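Engineer: Chains as they are written, first to last, in the numbering used here: chain Y, 66 to 443; chain C, 5 to 435; chain U, 727 to 1030. Think of the CB as a built atom: it goes at the ideal place given N, C-alpha and C, for glycine as much as any other residue. Everything numeric in this text was worked out from a predicted model, so none of it was measured. Below is one structure. I have some questions about it.
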Amino acid sequence: MSQTFYRKGFLALAVATAMGAASFAQAADIKIGVAGPMTGANASFGEQYMKGAQAAADAINAAGGVNGDKIVLTAYDDACEPKQAVAVANKAASDKVAGVVGHFCSSSTIPASEVYDEAGIIAITPGSTNPTVTERGLSAMFRMCGRDDQQGVVAGDYIVDVLKGKKIAVINDKDTYGKGLADATAKQLTARGVKPVLEEGLTRGEKDFSALVTKIRSVGADVVYFGGLHPEAGPLVRQLREQGLKDVKFMSDDGVVTDELVTTAGGAQYVDGVYMTFGADPRMLPDSKAVVEQFRKSGYEPEGYTLYAYASVQALAAGFNGAKSNKGEDAAKFLKAHPVKTVMGEKAWDTKGDLKVSDYVVYQWDKDGKYHQLEKQK
Amino acid sequence: MSAPTKPIDIKQSLIDAVIAGLLALIVFGPIVGIVLDGYGFNLQPGRVAVLVGVVVVGRFFMSLFLQTPKGVAIAQSFENSGSGVHVLPPGYKTRLRFIIPLMILIAVIFPVFADKYVLTVVILGLIYVLLGLGLNIVVGLAGLLDLGYVAFYAIGAYGLALGYQYLGLGFWSALPLAAIAAALAGCILGFPVLRMHGDYLAIVTLGFGEIIRLVLNNWLSFTGGPNGVAVPAPTFFGLEFGRRAKDGGIPIHEYFGFEYNPDLKFIFIYTVLFLVVLAVLYVKHRLTRMPVGRAWEALREDEIACRSMGLNHVLVKLSAFTIGASTAGLAGVFFASYQGFVNPTSFTFFESALILAIVVLGGMGSTVGVVIAAFVLTVAPELLRSFAEYRVLLFGILMVLMMIWRPRGLIRISRTGVQPRKGVLAKVEGA
Amino acid sequence: MDGIFLQQMVNGLTLGSVYGLIAIGYTMVYGIIGMINFAHGDVYMISAYLAAIGLAVLSFFGVESFPFLILGTLIFTIVVTGVYGFVIERVAYKPLRNSTRLAPLISAIGISLILQNYAQIAQGPRQQGVPTLLEGAMRFDVGSGFVQITYTKIFILIAAFVGMGVLTYIIKYTKLGRMCRATQQDRKMASILGINTDRVISYVFIIGAAMAALAGVLITMNYGTFDFFAGFVIGIKAFTAAVLGGIGSLPGAMLGGLILGVAESQFSGLINSDYKDVFSFGLLVVILIFRPQGLLGRPLVAKV
């Protein structure tokens, strides 16, 4: 299954490169780069980016393109390393791309966006939620997703209002994403008068968190919030349960939104009841219905960031069309002033490049290893 | 083939091939042939068959080749250690006299033609040249295996980033200061580890490298933790290279009134970096011919003999650590301004291993070798970019193959021989 | 508080016994050819994949009972991982036997990269896992608190010590063990006395890989999840444990592993888990400053 998945990804990449090569023949093309982890530990997200972006580009090209030009996509692999991110950002600038959809890891997006800014390229990240991404006064850096501080507020409020947590342990994975999110949640909890009893980090790549779990037990926490990704969230929740903390509520973030959480936790019985925050599932929106159908027809489930990447390409195209120019700066000005209709509904950006409305909601996992949006959000 | 001394034994080759095939089947069978899918699996026998086939055929031809005279010679070359320094005849003039000016000429013309991407790759290559040269002093010359070299690199990079944030230091003032800070750190690390030998030293330095990275990652209030720190763009007499002025300077294109060019920042870094690399190369070249350089090498060959000859091994080792570390500090400053942002993910153990690979692959102690190896190891992953997900795999294979092909490095250390003066010789003969 | 302290002790011992098992591979290889085998952590990673594959295949053929399942998986994993150890040594280290000390080190780093990416390409970048095999836990009341140990952890402790015992027996009392020790003492002399040292070195790699395989099965059972990058962190920790105990010494590797595991657990329990790795590396540095040969290592005799 995963192999065919892979091959398709490779094909898509090959097609993209071939199209990139062919683009020399036609003068009237507009190049858009898709930057993200095409290899390495987060390669599956890069795949989602590429799938979503390709589908959007095909749809827009079929409908007449951007200012009469056809969109040509090129993939840029950063493997989620800042060093490589700068290298590919410069490669994209050398290739004279007009806009970039990317990157994925915040620690890659931040240095790469400096390069784009210097080169006057507009960039929209479908997945980098760290606040710093848009906090540095860059004129053409946008986000298709929410910010960690927005997500942290939703999580903090939910813990206080619905879970009625009294003693809360906030754990992070000491990485840009997880740490930022855990801090935002802890800040909101403190603001609501429930100061976390424990704030600590674990090391990514490790699997033994029993010492930390014992510590959680020793402070008598009733809610555990974890800012991080599923490879660590799974073992953490399992070890909590294994040390006899059956009633402690576990909440996490949009880094665990994948079926692999069940695998990493060692079975659906361990993820039963786990809460998490995530953007309202774009696959459920009325606007995305047709596109999702089309994806499913081609045998691909538009999971995770696929539709975010789709919407990012749409936003870029709308920006160029609206500004009647293929220049990044003009498109950026247009997007900041006008809302855009995308597959994820109508989106509008503020002057920093953040979405005006964030749509984080709380989900819960059930005993079959599936997640559902909760009815009761407040 | 010219007539071999022994007839080629095809049967033996066939047996070799079959054994290799069996081993390949066991090795590749489960991992490649059975792909996990949740708690179940899918079978992929086709891929195994291809891999095993390649191994069998490859082993067969290798076995045949190793029986030819040429192959026998190659096999024997693995048996000989061939250690020691290659001594050139006295009065030997190296070809580098011609190559060095040519290289400098190419380096000067290069930025005019290169596009931004190539420029950044070359900048990375030059940064690794600096790192390789520094580690070469510690490992190659002084023979102290340092697996935490990346710590000094991190100190340099964070020196610029934090120096700017807290003290308002710019690129130019950070350059010497970071080198000094890294040198101090080298000194501090050097003291306790003087008693240790060989691989104990290796693990302590590895621990030191990890400690520095972990502190950078965890000391959130000071270093920004995993969020990293922004690094100012370099300036040139107060002129900035950005599109807009950020640090109170004037953008250079406005000052001189030409059109904005985003490549300019990188051309500037490249130019300064290139000059620094040249300077370090020269210093290193002189050092190896000075008493301290000779002392490093003597200490590497035999510590006890050195100490009985009256060499102060503490000073010698510390000087190697200090000078090596300061070079890494310089490289760190360039890396930080190249990237415009630093966070701890750039300073993992893997980076130390890569730098060590540059030194070993280049030929321990050889300057030219290090320069070549640094470029090979930084440019190769970029060239392999078109192989997508196979990129790092191929890089690993390349590393192993290069090591087997040239176990002593690309360039062996050689030294020009010395001819005793005539007068001295005559006197001895006369006596 | 007592309960918490004891619980951290248990946590530390299970973690430490696993470090110890992997540390054996480092320490044996170092003892015999003086080389740090950086690929060893990734050999463990491969064995984790093999364990999961073994379990999946066995359950597919309807093996349900725990003893058969675990025994079959163990045998399968140990054999195949042993072959990995053998092949890696033959391909990447043997040609470098007579060259500089650092050449095999670089080759090992290359092998480490190869193994990681090979596993990623062959099996996909996703997180892998195995279902929980042994459910349930034992619970002891201690004073005001309690200590809870899962059956899996008890199994790990027993299996690790049995593995260590078997290995110690082999090294101490069998012919193979004597050959290993002779080669470790003086390779040239051993080969003059008629020991095929190349073969002994191969055996050592196979044994090291087999111990990593045992660790692979146990860890996979306990944590239930792994990925292609799993060997890196644990490899560095195990290597630290080997050096801590005195590299080249088998009981040292186990002792170093246990000390490291307990130190990590207690430090993160009592002080702060953010700095637990800083603490363990700091501990290593301090111990090596006062005992440069490690806890149980033989002191280096400088030959003049």
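#1: Give me the chain C residues within the contact set of Y/Gly245, using Cβ-Cβ distance strictly less than 7 Å, ordered along the chain.
#2: What three-state label does DSSP hand Y/Gln429 in the structure shown?
#3: Can you tell me whether DSSP reads U/Ile921 as helix, strand or coil?
#4: Rounded to whole angstroms, what's the CA-CA distance from Y/Ala44 to Y/Asp337? Just pull it up for me.
#5: Nearest-angstrom Cα distance between C/Leu277 and C/Phe338?
#6: Give a yes or no on whether 8 Å exceeds the smallest Cβ distance from Y/Val302 to chain C.
#7: Consult DSSP for C/Ala283 and reduce its assignment to one of helix, strand or coil.
#8: My output table needs one value for C/His201: the three-state DSSP class, helix, strand or coil.
#9: Start and end of the alpha helix (DSSP H) containing Y/Leu372?
#10: How many angstroms separate the CA atom of Y/Thr194 from the CA atom of Y/Tyr370?
#11: Which of the three DSSP states, helix, strand or coil, is assigned to Y/Thr416?
#12: Tell me whether U/Tyr752 is buried or exposed, calling it buried when 16 or more other Cβ atoms sit within 10 Å of its Cβ.
#13: Residues of chain Y with a CB under 8 Å from the CB of U/Phe1016: which are they?
#14: Strictly below 9 Å CB to CB, what residues from chain C border Y/Val289?
#15: Taking the alpha-carbon positions, what's the Y/Pro296 to U/Gln853 distance?
#16: Counting only Cβ pairs nearer than 9 Å, list the residues of chain Y close to C/Val396.
#17: What in chain Y is Cβ-close to U/Val1004, meaning under 7 Å?
#18: Note down the Cα distance separating U/Tyr899 from U/Gln1019, rounded to an integer number of angstroms.
#19: Note down, in chain order, each residue of its chain lying with its Cβ closer than 8 Å to the Cβ of Y/Leu277, except the 5 sequence neighbours on either side.
#20: In the segment 185-202 of chain C, which residues sit with their C-beta less than 7 Å from some C-beta in chain U, listed in chain order?
#21: Name, in chain order, the residues that DSSP records as bridge partners for U/Gly871.
#22: Looking at the unbroken beta strand (DSSP E) that takes in Y/Ser317, where does it start and where does it end?
#23: Helix, strand or coil for U/Phe887? Go by DSSP, reduced to three states.
#24: What are the residues in the segment 17-37 of chain C lying within 9 Å of chain Y by C-beta distance?
#25: Is it buried or exposed, C/Ile184, if we count other Cβ atoms within 10 angstroms and call 16 or more buried?
#26: Go to C/Met403, then tell me how far its alpha helix (DSSP H) extends in each direction, as first and last residue.
#27: Suppose you measure from the CA of C/Thr209 to the CA of U/His766; what does that come to, to the nearest Å?
#28: In three-state DSSP terms, what is Y/Ala87?
#29: Which value, in whole angstroms, describes the spacing of the CA atoms of U/Gly987 and U/Thr807?
#30: Report the neighbours of C/Asn316 on chain U: residues whose CB is nearer than 8 Å to its CB, in chain order.
#31: Between C/Tyr153 and chain Y, is there a C-beta pair that is closer than 8 Å?
#32: Ignore the nearest five residues each way along the sequence and tell me which others in U/Glu990's own chain have a CB closer than 6 Å to its CB.
#33: Compare the beta carbon distance of C/Ala158 and C/Ile207 with 8 Å and say whether it is the shorter of the two.
#34: Taking beta-carbon pairs under 7 Å, can you tell me which members of the segment 967-997 of chain U lie near chain Y?
#35: Return helix, strand or coil for U/Asn843, following the three-state DSSP convention.
#36: Shorter than 8 Å from the beta carbon of U/Thr858 to some beta carbon of chain C?
Structural biologist: A quick look at the data gives this:
#1: Residue numbering aside, residue 245 of chain Y sits at position 180 when the first sequence is read from its first letter. Here the neighbours are Asn231.
#2: Numbered from its first residue, the first sequence carries residue 429 of chain Y at position 364. Under the three-state reduction of DSSP, Y/Gln429 is assigned to strand.
#3: Numbered from its first residue, the third sequence carries residue 921 of chain U at position 195. Coil, per DSSP.
#4: Chain Y is shown from 66 up to 443; residue 44 of chain Y falls before or after that span and cannot be answered.
#5: Looking up residue 277 of chain C in the second sequence gives position 273. Looking up residue 338 of chain C in the second sequence gives position 334. Each residue's alpha carbon lies about 7 Å from the other.
#6: On the first sequence, position 237 is the one that residue 302 of chain Y refers to. Output row for Y/Val302: interface = no.
#7: Here residue 283 of chain C is taken as the residue at index 279 of the second sequence, counted from 1. Under the three-state reduction of DSSP output, C/Ala283 falls in the helix class.
#8: Along the second sequence, read from residue 1 onward, the residue named residue 201 of chain C stands at position 197. Of the three classes helix, strand and coil, the one that applies to C/His201 here is coil, per DSSP.
#9: Here residue 372 of chain Y refers to the residue found at position 307 when the first sequence is read from its first residue. Run containing Y/Leu372: Thr371 to Ala388, per the alpha helix (DSSP H) assignment.
#10: Taking the first sequence and counting its residues from 1, the one referred to as residue 194 of chain Y is at position 129. Taking the first sequence and counting its residues from 1, the one referred to as residue 370 of chain Y is at position 305. If you take the alpha carbons of Y/Thr194 and Y/Tyr370, they lie about 12 Å apart.
#11: Residue 416 of chain Y sits at position 351 when you count from the first residue of the first sequence. DSSP places Y/Thr416 in coil when its eight states are reduced to three.
#12: As a working mapping, residue 752 of chain U is identified with position 26 in the third sequence. U/Tyr752 comes out buried.
#13: As a first step, residue 1016 of chain U must be located in the third sequence, where it is residue number 290. Per Cβ cutoff of 8 Å: no residues; U/Phe1016 is ~26 Å from chain Y at best.
#14: Mapped onto the first sequence, residue 289 of chain Y falls at position 224. The premise fails here: Y/Val289 is roughly 20 Å from chain C at the closest Cβ pair, so nothing lies under 9 Å.
#15: Working through the first sequence from its first residue, we reach residue 296 of chain Y at position 231. Working through the third sequence from its first residue, we reach residue 853 of chain U at position 127. Y/Pro296 and U/Gln853 have their C-alpha atoms some 7 Å from each other.
#16: Numbered from 1 along the second sequence, position 392 holds the residue referred to as residue 396 of chain C. In chain order, Thr104, Gly105 and Ala144 make up the part of chain Y whose C-beta sits under 9 Å from the C-beta of C/Val396.
#17: What you label residue 1004 of chain U is simply residue 278 of the third sequence in a count that begins at 1. Neighbours of U/Val1004 on chain Y: none; closest Cβ ~11 Å, over 7 Å.
#18: Counted from its first residue, the third sequence places residue 899 of chain U at position 173. Counted from its first residue, the third sequence places residue 1019 of chain U at position 293. Whole-angstrom Cα-Cα distance: 26 Å.
#19: Residue numbering aside, residue 277 of chain Y sits at position 212 when the first sequence is read from its first letter. Taken in chain order, the residues that qualify are Ile236, Glu265, Leu267 and Leu301.
#20: Residues passing the 7 Å Cβ filter: Pro196, Arg199, Met200 and His201.
#21: Residue numbering aside, residue 871 of chain U sits at position 145 when the third sequence is read from its first letter. Paired residues: U/Val868.
#22: Working through the first sequence from its first residue, we reach residue 317 of chain Y at position 252. Secondary structure note for Y/Ser317: its beta strand (DSSP E) is the uninterrupted segment Lys314 to Ser317.
#23: For the purposes of this step, residue 887 of chain U is identified with residue 161 of the third sequence, where counting begins at 1. Helix, per DSSP.
#24: Across the segment 17-37 of chain C, no CB contact with chain Y closer than 9 Å is found for any residue.
#25: Within the second sequence, residue 184 of chain C is the residue found at index 180, counting from 1. Exposed.
#26: The count along the second sequence starts at 1 and reaches residue 403 of chain C at position 399. Looking at the DSSP string, the run of the alpha helix (DSSP H) that includes C/Met403 is Arg395 to Trp409.
#27: Numbered from 1 along the second sequence, position 205 holds the residue referred to as residue 209 of chain C. Numbered from 1 along the third sequence, position 40 holds the residue referred to as residue 766 of chain U. Rounded to whole angstroms, C/Thr209 to U/His766 spans 20 Å at the Cα level.
#28: Sequence index remark: in the first sequence, residue 87 of chain Y carries index 22 (1-based). No answer about Y/Ala87 holds up, because its pLDDT of 41 lies below 50 and its placement is not dependable.
#29: Your numbering for residue 987 of chain U matches position 261 in the third sequence. Your numbering for residue 807 of chain U matches position 81 in the third sequence. Put simply, the backbone Cα of U/Gly987 is about 25 Å away from that of U/Thr807.
#30: Walking along the second sequence from the start, residue 316 of chain C turns up at place 312. Near C/Asn316 there are no residues of chain U at all, since even the closest Cβ is about 18 Å away, more than 8 Å.
#31: Here residue 153 of chain C corresponds to residue number 149 of the second sequence, with the count starting at 1. No, no contact with chain Y.
#32: Here residue 990 of chain U refers to the residue found at position 264 when the third sequence is read from its first residue. The residues are Lys1002 and Ser1006.
#33: Counted from its first residue, the second sequence places residue 158 of chain C at position 154. Counted from its first residue, the second sequence places residue 207 of chain C at position 203. Taking 8 Å as the cut-off, the Cβ atoms of C/Ala158 and C/Ile207 do not count as close.
#34: Hits within the stretch, in order: Glu990, Ser991, Ser994 and Gly995.
#35: Here residue 843 of chain U refers to the residue found at position 117 of the third sequence. In the structure shown, U/Asn843 sits in a helix (DSSP, three-state: H, G or I).
#36: For this step, residue 858 of chain U is matched to residue 132 along the third sequence. So no, U/Thr858 is outside the interface.
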